[in-house]
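One structure is given below, encoded as structure tokens.
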Amino acid sequence: MNRLEMTEGSDFRHWDELIPDALGLIFSKLPLQEILTVIPRVCKSWAKAVLGPYCWQEIDIEEWSSRCQPDNVDRMLQMLVNRSGGSLRKLCVTGLHNSNIFSFIADHAGSLQTLRLPRSNISDALVEQIAGRLSAVTFFDLSYCDKISARSLESIGKNCKALVGICRNLHPLHTAGMPLLDDEAYAIAATMPKLEHLEMAYHPLSTKSVMTILSSCPNLEFLDLRGCWDVRLEDKFVAEKFPKLRVLGPLVRDYYERNEWDECSDYSYISDDLAWDFSADYFDDDAESYDDPWDDEDRLEGLELRFYEGIDEVGGGFGWPPSP
């Protein structure tokens, strides 16, 4: 039976004949590990689709980047952002250290709406330098970024006019015993009137500064005040004056179930049992370099993901996994 007869007589579909745009949208739903290692080895059309922008409109390497060396994170980020071809809408990565990588992100942020950079080594001066290129961002996460202050939040608020969500949580060990410090809260109140979602866990805030936020941000629907021990908000008062608002804290519960905001809960899961590391001595994967990626084994092997079972077995399980 030939291919045409198989297609006409059954529900069999040839995935390799789907257009790259459709393949990219399908593959974008898979975990990062599979997109970069398994999918390119299946067939030529799938390998080409992985190089295209539709797989990379949303890039979430937050979990992976938390376990990797900064240089490897920078290289992976550059590769994936370049693949997005200017269509990047969401970027989640943690622990960035190189000032050049922040400028690189800003240079490719024309369509960027969600930017999560927790635990990154970014300064006020750098935020002020790049904020003008982040004007399309509507959701920002700068939690646990210890080198920024109210200056950064003010700059973001003035440049990101459509901002509706911001996460600025702090680590409880860093703020324990600190005196009240309301400058970040006042910067948010003064420059972010459209906020709907705000997280300021473990900030040494006063009740007055929180009330200023509530009066300045009438659209606010969620406010995280866990660990803000000096804030006093009566449940009855909040229910009467701000009926749409859900306040979490100051009391810290045993667990915390996030709400429906995808920006705060969208992780690409990678098992702790199968750690994977990235190295790329060659990752110039523009369209001209990959006219025929399936036949050019040297080019495909230039992007290499090394798998290993446990930290003591780095020498084993090396190379590409088998095709499905």
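Under numbering that gives the first Met the number 0, the sequence shown has 105 at position 106, and the numbering climbs by one with no breaks.
Note that CB positions come from ideal geometry on N, CA and C, so glycine has one too.
| Item | Value |
| --- | --- |
| Of all the options 54, 43, 18, 96, which has the alpha carbon lying nearest to the alpha carbon of residue 33? | 54 |
| Please return the same chain residues whose Cβ sits closer than 7 Å to the Cβ of residue 122, not counting the five positions on each side in sequence. | 146, 147 |
| Report back the beta-carbon spacing between residue 88 and residue 113 to the nearest angstrom; my notes put them in contact at under 8 Å. | 7 Å |
| Suppose the cutoff is 6 Å on Cβ atoms and the five residues either side in sequence are ignored; what does the same chain contact list for residue 79 look like? | 55, 58 |
| For residue 38, which residues from the same chain have a beta carbon less than 6 Å from its beta carbon, with the 5 sequence-adjacent residues on both sides left out? | 26, 45, 49 |
| Please identify the residue among 171, 151, 63 whose C-alpha is closest to the C-alpha of residue 190. | 151 |
| Just to confirm my understanding: we take residue 127, look at its own chain, exclude 5 residues before and 5 after, and list those with CB closer than 6 Å. What are they? | 154 |
| Determine the contact status of residue 225 and residue 200, defining contact as a CB-CB distance below 7 Å. | yes |
| Just to confirm my understanding: we take residue 23, look at its own chain, exclude 5 residues before and 5 after, and list those with CB closer than 6 Å. What are they? | 48, 51, 53, 54 |
| Whose C-beta lies closer than 8 Å to the C-beta of residue 250 among residues of the same chain, with five residues either side of it excluded? | 225 |
| Run through the stretch 114-191 for me and flag every whole beta strand (DSSP E) of 3 or more residues, listed as ranges in chain order. | 138-140, 164-166 |
| With distances taken Cα to Cα, identify the nearest neighbour of residue 237 among 252, 219, 229, 227. | 219 |
| Measure the beta-carbon distance from residue 77 to residue 103 and round it to whole angstroms, keeping in mind my assumption that it falls under 8 Å. | 6 Å |
| Tell me whether residue 61 is buried or exposed, calling it buried when 16 or more other Cβ atoms sit within 10 Å of its Cβ. | buried |
| Can you give me the start and stop residues for the alpha helix (DSSP H) that residue 26 sits inside? | 19-26 |
| Count the other CB atoms, across all protein chains shown, that sit within 10 Å of the CB of residue 308; report buried if there are 16 or more and exposed otherwise. | Low confidence applies to residue 308: its pLDDT is 28, below 50, so where it sits in the model is not reliable, and the reading given next is rough at best. Exposed, because fewer than 16 other Cβ atoms sit within 10 Å of the Cβ of residue 308. |
| Taking the DSSP output, what are the residues bridged to residue 332? | For the chain, the structure presents residues 0 to 323; residue 332 sits outside this window and is missing. |
| Provide the residue(s) that pair with residue 59 in DSSP beta bridges, ordered along the chain. | 91 |
| Over what stretch of residues does the alpha helix (DSSP H) that includes residue 195 continue unbroken? | No alpha helix (DSSP H) holds residue 195; DSSP gives it neither H nor E. |
| Are the beta-carbon atoms belonging to residue 164 and residue 196 less than 7 Å from one another? | yes |
| If you count every other CB in all the chains shown that lies within 10 Å of the CB of residue 223, and 16 or more means buried, which is it? | buried |
| Mind reading off the beta-carbon distance from residue 158 to residue 134? Whole number of angstroms is fine, and I expect it under 8 Å. | 5 Å |
| Throw me the rounded Cβ distance for the residue 142 and residue 117 pair, which I believe falls under 8 Å. | 4 Å |
| Which of the three DSSP states is assigned to residue 201 in this structure? | coil |
| For residue 228 and residue 205, what's the separation of their Cα atoms in angstroms? | 9 Å |
| Distance, Cα to Cα, residue 107 vs residue 246? | 35 Å |
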